[in-house]
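Protein sequences, first through last, are from chains A and B. With the working numbering, the residue at position 528 of the first sequence is 528, and numbering never jumps. To convert, take the position in the second sequence, counting from 1, and add 1000; that gives the working numbering. Note that CB positions come from ideal geometry on N, CA and C, so glycine has one too. Taking it in order: structure first as structure tokens, then the write-up.
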Amino acid sequence: MNETTSISTKEVDTPTTEHHAHPTGISRWLYTTNHKDIGSLYLIFSFVMLFIGGGMAFMIRAELFQPGLQFIEPEFFNQMTTMHGLIMVFGVVMPAFVGLANWMVPLMIGAPDMALPRMNNWSFWIMPFAFSILLSTLFMEGGGPNFGWTFYAPLSTTYAPPSTTFFIFGVHLMGLSSIMGAINIITTILNMRAPGMTLMKMPMFVWTWLITAFLLIAVMPVLAGAVTMMLMDIHFGTSFFNAAGGGDPVLFQHIFWFFGHPEVYIMILPAFGVVSQIIPAFARKPLFGYKSMVYATASIAILSFIVWAHHMFTVGLPAVAELFFMYSTMLIAIPTGVKVFNWVSTMFRGSMTFEAPMLFSVAFVVLFTIGGLSGLMLSIAPADFQYHDTYFVVAHFHYVLVPGAIFGIMAAVYYWMPKWSGFMYNEPLAKLHFWLSFIGLNLTFFPMHFLGLAGMPRRIPDYALQFADFNMITSVGAFLFGTTQLLFLYIVIQCARGKGEPAPQRPWEGAEGLEWSIPSPAPLHTFDTPPKVD
Amino acid sequence: MSQVHNSNVPNYYVPHQSKWPIIATVAVVAFIYGIASMLYSSKIGEASATPSWIMLFGLGLTVYMLYGWFSNVVQESQSGLYSPQLDKSFRLGMAWFIFSEVMFFAAFFGVLLYVRTLSIPWLGGEGAKGVSNLLWPNFTAHWPLLNTPDPELFPGPSATIPAWQIPFLNTVILVTSSFTLTLAHHALKKDERNKCTLWLLTTVILGIIFLGFQVFEYQEAYNHLQLTLSSGIYGSTFFLLTGFHGAHVTIGTIMLAVILVRIMKGHFSKQKHFGFEAAAWYWHFVDVVWLLLFTFVYVI
Ligand code: HEM
Ligand SMILES: [Cu+2]
Chain A
1 MNETTSISTK EVDTPTTEHH AHPTGISRWL YTTNHKDIGS LYLIFSFVML
51 FIGGGMAFMI RAELFQPGLQ FIEPEFFNQM TTMHGLIMVF GVVMPAFVGL
101 ANWMVPLMIG APDMALPRMN NWSFWIMPFA FSILLSTLFM EGGGPNFGWT
151 FYAPLSTTYA PPSTTFFIFG VHLMGLSSIM GAINIITTIL NMRAPGMTLM
201 KMPMFVWTWL ITAFLLIAVM PVLAGAVTMM LMDIHFGTSF FNAAGGGDPV
251 LFQHIFWFFG HPEVYIMILP AFGVVSQIIP AFARKPLFGY KSMVYATASI
301 AILSFIVWAH HMFTVGLPAV AELFFMYSTM LIAIPTGVKV FNWVSTMFRG
351 SMTFEAPMLF SVAFVVLFTI GGLSGLMLSI APADFQYHDT YFVVAHFHYV
401 LVPGAIFGIM AAVYYWMPKW SGFMYNEPLA KLHFWLSFIG LNLTFFPMHF
451 LGLAGMPRRI PDYALQFADF NMITSVGAFL FGTTQLLFLY IVIQCARGKG
501 EPAPQRPWEG AEGLEWSIPS PAPLHTFDTP PKVD
Chain B
1001 MSQVHNSNVP NYYVPHQSKW PIIATVAVVA FIYGIASMLY SSKIGEASAT
1051 PSWIMLFGLG LTVYMLYGWF SNVVQESQSG LYSPQLDKSF RLGMAWFIFS
1101 EVMFFAAFFG VLLYVRTLSI PWLGGEGAKG VSNLLWPNFT AHWPLLNTPD
1151 PELFPGPSAT IPAWQIPFLN TVILVTSSFT LTLAHHALKK DERNKCTLWL
1201 LTTVILGIIF LGFQVFEYQE AYNHLQLTLS SGIYGSTFFL LTGFHGAHVT
1251 IGTIMLAVIL VRIMKGHFSK QKHFGFEAAA WYWHFVDVVW LLLFTFVYVI
């Protein structure tokens, strides 16, 4: 890494362009229209939520450390599993990726900002309010949501605690934020590319976000519809999810999963994009099969609309439906396999080095594949009768989400942090962070496969004695993984505060793309006149 | 794209700092939080006036915000800050917003389809899940669902709204309004301001008449047909679809009314009038939803 090309923060902060002097203090953040500021806000928000959601996981694992009830009441346990899931999905993974998109998409396509900068601010600021409302339900009479992050009716309607009303409007607010954020991203990508940057020249991260934004606009309104009908069933006497009036509780599951399955791809596609940027950079080779990557991403997105009922195999579907959803689900493994093949081929005979972003990306490829394979097992309808609602499912989705989505986010943070802050993070500590996380998460989630296959149901505060050993290992792993993230926090804060080597313009020698053609830290305004791409 | 470098085309306009989004956040959150609190306190039986004040505050602030934010945009547009590229951003933004609305309604149409073709026949004993008839053995499947499985919990309606009376009239009204709107648009493009004002006014009036009939129909349903939100799945889907559609007509009418005022104030030019077009797209979208609704809710 070449120190002579580095640029210090001081030089960049002096307004040399025609821009107004930049306000400081709280109004800078409240009134901001700057994609970098808003990106940082999203990322910080997501980080805060990570520790709140993680605290809930801590309570869950403490309770499950041993059989029997030790710390918390079963009712509260249910609230913890529900809130943990909701926060991690809507409060951590989604905002983190939106934050990354805000920071990086304009830099990667050579745009001066997001297409609709004011709406961008609006999208962000709704989030803290939405989650304050959601979290406040925990302190209401009857407790917070306790029906699981999938909020199946009638648990979430007829038998729901009164605070569910706040949960519903909280979901409405997050949905509003997500839709506006997605409209902004899609418009930016379609309309703001620098001259010469054709669609098929876009970096993979931009491609995956384009497709993710499409998925978001397509399914968030469906989620809004679902919670609206819940609200009406609770307060206005309708019977959408009540068979006594001619409705059907299973209908809720169909609507939820029509949103829910695309939603899981919303959480993973941007991570695909991140590792598709990082692996070529550290293998010092161009991405293998760029075009097939684009097509695979698009096919995954399209298929994700026709597989939803694989979450409902045991609910009593007609046999044709079981078959249809089984085969369509298995089809998704093909484009997914194409991607894994391409990542591995990119690494093949590359001159690889293993800095933190690369470590997280390689682990992503391996461990995400484990999650994909357990998904394939679950997609076999008759087998799923055995696995459904057991810890096997919990193992599956944690393997795709933790070393998948979360590792993708962490890899992205290490990879682009020098560009954001202007300083290198502490590499030895980051490697330690990686290895502790890696060990911690495998300790946590691998035994869950065995627990599930042996029949331990999910979402229970107590369990039969034969599950004790694996549960203890899982809890130890969870404590290790959780506390390790404090190290991550420390590394990020140190880097943001400028404790570290100044970062050069392009800190990674194999990295390609427009984002490396501007100084580190990126000045507040970049590409006021678009660069030329050829 | 090389015209971006052309000096007489402004750069992409990025506003620096704006107070409107955060006001919008507070407004929307207060409005929604107020409604949630109202429903919550009525549910737990602790009536209080505070939630409705929060809601009204949110509503007021929303109106203020919409006025302020849009005035801001109109000013910027009229002072020539907006490049053709920015115009395209607005178009894309509006188009994708309408797509999100399409999906919102798609979910509700999906519910209707599912209930009519799958779950009600199953409850009546037919098909793959016909065993569910064991729950209410006396129930027979039919549509419109006048006798619900459990008439004590959900007493069904005595009759439904006939398609070929008011609903048909409303169809004619809404389709006509789409035509008058297009005539207004053509007039604007030819810079025939008075004609444009006239046709736009006609459109707004047609929208209001539509809503009036809708209110009348709801009164009919509640007072004479016992067709209510709680009269089982027929009432549920009926009011869900027509209600959300009606809400969209209301918003569309307000949008067109605002555009009408702006036309009268001399805003827009014959080439540049995206505000007009956005409202028109929205109106046509609402019209198409109605045609589907008329077909699937009223006719078949
Ligand atoms: C190869 C691709 C995949 C296949 C074939 C697959 C298949 C499945 C199946 C069949 C289930 C239902 C299991 C059950 O409830 O009995 C399931 C659950 C789940 N999957 Fe996947 N999956 C795949 C990839 C992913 C990815 C990429 C994610 C997220 C990033 C994901 C997240 C989830 C989640 C969150 C659940 C559980 C939802 C719940 O019940 O709480 N899956 N998967
Ligand atoms: Cu799925």
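Residue i in three-state terms, based on DSSP
i              : result
residue 150/A  : coil
residue 502/A  : strand
residue 13/A   : Note that residue 13/A scores 37 on pLDDT, short of 50, meaning its location in the model is unreliable; the coordinates nonetheless yield the value given after this. Helix at residue 13/A.
residue 1014/B : coil
residue 323/A  : helix
residue 1182/B : helix
residue 117/A  : helix
residue 423/A  : strand
residue 457/A  : strand
residue 390/A  : strand
residue 449/A  : helix
residue 1043/B : helix
residue 239/A  : coil
residue 361/A  : helix
residue 173/A  : helix
residue 337/A  : helix
residue 160/A  : coil
residue 33/A   : coil
residue 61/A   : helix
residue 1267/B : coil
residue 201/A  : helix
Any chain B beta carbon closer than 9 Å to residue i
i             : result
residue 234/A : yes
residue 162/A : yes
residue 27/A  : yes
residue 125/A : yes
residue 172/A : yes
residue 75/A  : no
residue 16/A  : Residue placement at residue 16/A cannot be trusted, given a pLDDT of 38 that sits under 50; the coordinates are not used to answer.
residue 263/A : no
residue 523/A : no
8 Å Cβ cut-off: residues of chain B touching residue i
i             : result
residue 121/A : 1018, 1021 and 1022
Within chain B, partners of residue i - CB distance below 7 Å
i             : result
residue 113/A : 1014
residue 190/A : 1092
residue 179/A : 1100
residue 535/A : Coverage of chain A is limited to positions 1 through 534, which leaves residue 535/A absent and any answer about it impossible.
residue 166/A : 1036 and 1040
Neighbouring residues, chain B, relative to residue i (Cβ below 9 Å)
i             : result
residue 528/A : 1011, 1012 and 1014
Within-9 Å CB hit, residue i to chain A
i              : result
residue 1293/B : no
residue 1287/B : no
residue 1089/B : yes
residue 1070/B : no
residue 1106/B : yes
residue 1119/B : yes
residue 1055/B : no
Within chain A, the residues that residue i reaches when beta carbons sit closer than 9 Å
i              : result
residue 1063/B : Per Cβ cutoff of 9 Å: no residues; residue 1063/B is ~16 Å from chain A at best.
residue 1097/B : 179, 180, 183 and 217
residue 1048/B : Result: empty, since nearest Cβ-Cβ is about 14 Å, beyond 9 Å.
Per-residue contacts from residue i into chain A (C-beta, under 8 Å)
i              : result
residue 1085/B : 191 and 192
residue 1129/B : 316 and 318
To test your reading of the DSSP string, which unbroken alpha helix (DSSP H) runs of 4 or more residues are found completely within the region 1107 to 1133 of chain B?
Every alpha helix (DSSP H) stretch that sits fully inside the region 1107 to 1133 of chain B and reaches 4 residues is listed by chain position as 1120 to 1123.
If the cut-off is 9 Å on Cβ atoms, which residues from the region 1263 to 1285 of chain B count as contacting chain A, listed in chain order?
Correct list: empty, as no residue qualifies.
For the region 428 to 446 of chain A, list every residue whose C-beta sits within 8 Å of some C-beta in chain B, in sequence order.
Against chain B - using a Cβ distance shorter than 8 Å - the region 428 to 446 of chain A contributes no residues.
4 or more residues per run - each alpha helix (DSSP H) lying fully within the region 1145 to 1197 of chain B:
The region 1145 to 1197 of chain B contains, as complete alpha helix (DSSP H) runs of 4+ residues, the segments 1166 to 1189 (chain order).
Got a sec: which bits of the region 1227 to 1254 of chain B sit with their beta carbon under 9 Å from any beta carbon on chain A, in order along the chain?
Here the close residues are 1228, 1229, 1230, 1231, 1232, 1233, 1234, 1235, 1236, 1237, 1239, 1240 and 1244.
Check distances from the C-beta atoms of the region 236 to 251 of chain A to those of chain B and list, in chain order, the residues that come in under 7 Å.
Residues passing the 7 Å Cβ filter: 236, 237, 238, 239, 240, 243, 244, 245, 246, 247, 248 and 251.
Any residues in the region 308 to 331 of chain A with a beta carbon nearer than 9 Å to a beta carbon of chain B? Which ones, in chain order?
Answer set for the region 308 to 331 of chain A: 316, 317, 318, 319, 320 and 321.
Go through the region 231 to 305 of chain A residue by residue and report every complete run of the alpha helix (DSSP H) that reaches 4 residues or more, in order.
You should have 249 to 283 and 290 to 303.
Near-chain B residues of the region 219 to 231 of chain A - C-beta to any C-beta below 9 Å:
Within the region 219 to 231 of chain A, the qualifying residues are 219, 220, 221, 222, 223, 224, 225, 226, 228, 229 and 231.
What residues in the region 1136 to 1154 of chain B have a beta carbon less than 7 Å from any beta carbon of chain A?
Residues 1145, 1148, 1149, 1150, 1153 and 1154.
Interfacial residues, the region 346 to 370 of chain A to chain B, with Cβ spacing under 9 Å
Result list empty, no residue passes.
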